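Each remark here refers to the structure printed beneath this line.
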Amino acid sequence: MCSYASYSRYGGTAYNTKRIEELKAGVQLSRKKLTPEILRNTTMHVLSNGFYTENSYEIGESLKNAERYNKAADEIETFK
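In this text, residue positions in the sequence shown follow my numbering: the first is 381, and each later residue adds one.
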């Protein structure tokens with residue numbers, strides 16, 4: 381997973397985008413206020429601050445582990 385700047389178009393992604401910003405893994409952009417300059421500046425900000433990449437990586441690893449646990453639980457259920 382890489383750090384990113386994002387805006388959301390749908391309800392579920394709005395929550396995810398806000399949460400990613402709260403976790404300092406990305407920056408939420410306003411679609412109504414988005415300009416090429418804002419997009420460029422935000423992208424440069426995210427790319428020049430390593431903590432976004434580090435936090436995104438940690439979230440990605442957490443999601444991979446959660447997926448493994450779900451698969452393991454499914455396998456256990458198969459043996460019942």
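Cβ atoms here follow ideal geometry from the backbone N, Cα and C, with glycine treated the same way.
Note that the structure is a prediction, hence the values are computed from the model and not measured.
Residue burial is scored here from C-beta neighbours: residue 414 has fewer than 16 other C-beta atoms within 10 angstroms and is therefore classed as exposed. Between residue 422 and residue 457, the alpha-carbon positions lie close to 46 Å from each other. Here residue 418 is exposed, its C-beta having fewer than 16 other C-beta atoms within 10 Å.
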